[in-house]
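Written below as structure tokens is the structure these notes are about.
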């Protein structure tokens, strides 16, 4: 059983503690979509008014249509400066604040991309197909490092990396995913 509590029911309890809720960006995956149908959307959700606006309907046809979700839908979202980055299985879509597509980031190791996160102008991308984490430098617009998990050990994939850094990443894998989930800013106000 799921329990859903509407935000409006909690507003009075939080009065004084939080004066305003943020607007958030949400992505969806339509796992059972067929070729030609929408298989993901992006919504802008105002947590104060409890209203939402569909800002993108994803009908990309060049994906793999294998079982279940596979390449369908839009996944992780990260915000940096004036840009919105959205994971879309085998590429990262870059939008402006009005959700106009500006560019697409592609690479050989971008397969089944799910979560993304930006820290110090580095875009971290998880690839579930390769059990890996990729680093993309937003300044140079290039992939700079990649890590993959094999037999519960973190190994280098693309470039040489320092042992110390591997230990930091290993200890922070869960932390990175948690920060991906909560680092949405008051971006679209």
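Numbering (my numbering), first residue to last: 235 to 423. The beta-carbon is built from N, C-alpha and C at its ideal position, and this holds for glycine as well. Here the structure is a predicted model, which means the values were calculated and not measured.
query, result
"Pairwise C-alpha distance: residue 362 and residue 368", "11 Å"
"Local Cβ density within 10 Å of residue 335, reported as buried at 16 or more and exposed below that", "exposed"
"Beta-bridge pairing of residue 380 - partner residues as DSSP gives them", "368"
"Reference residue 332; option with closest CA among 290, 377 and 274", "290"
"Any non-hydrogen atom of the ligand PLP closer than 8 Å to residue 331 Cβ", "Absent from the structure shown: the ligand PLP. Ligands present: none."
"Chain-order list of residues whose beta-carbon lies under 6 Å from that of residue 370 (same chain, five-residue window excluded)", "357 and 377"
"Length of the line joining the Cα atoms of residue 380 and residue 359", "9 Å"
"Three-state secondary structure assigned by DSSP to residue 396", "Low confidence applies to residue 396: its pLDDT is 38, below 50, so where it sits in the model is not reliable, and the reading given next is rough at best. If DSSP states are grouped into helix, strand and coil, residue 396 belongs with coil."
"Spatial neighbours of residue 277 in its chain, beta-carbon cut-off 6 Å, leaving aside the 5 residues before and after", "260, 286 and 288"
"Residue 344 beta carbon less than 9 Å from that of residue 324", "yes"
"Residues that residue 274 bridges to, as DSSP identifies them", "292"
"Nearest-angstrom Cβ-Cβ length linking residue 326 and residue 350, presumed shorter than 8 Å", "7 Å"
"CA-to-CA distance, residue 375 to residue 346, given in whole angstroms", "20 Å"
"From 274, 262 and 282, residue whose alpha carbon lies closest to that of residue 255", "282"
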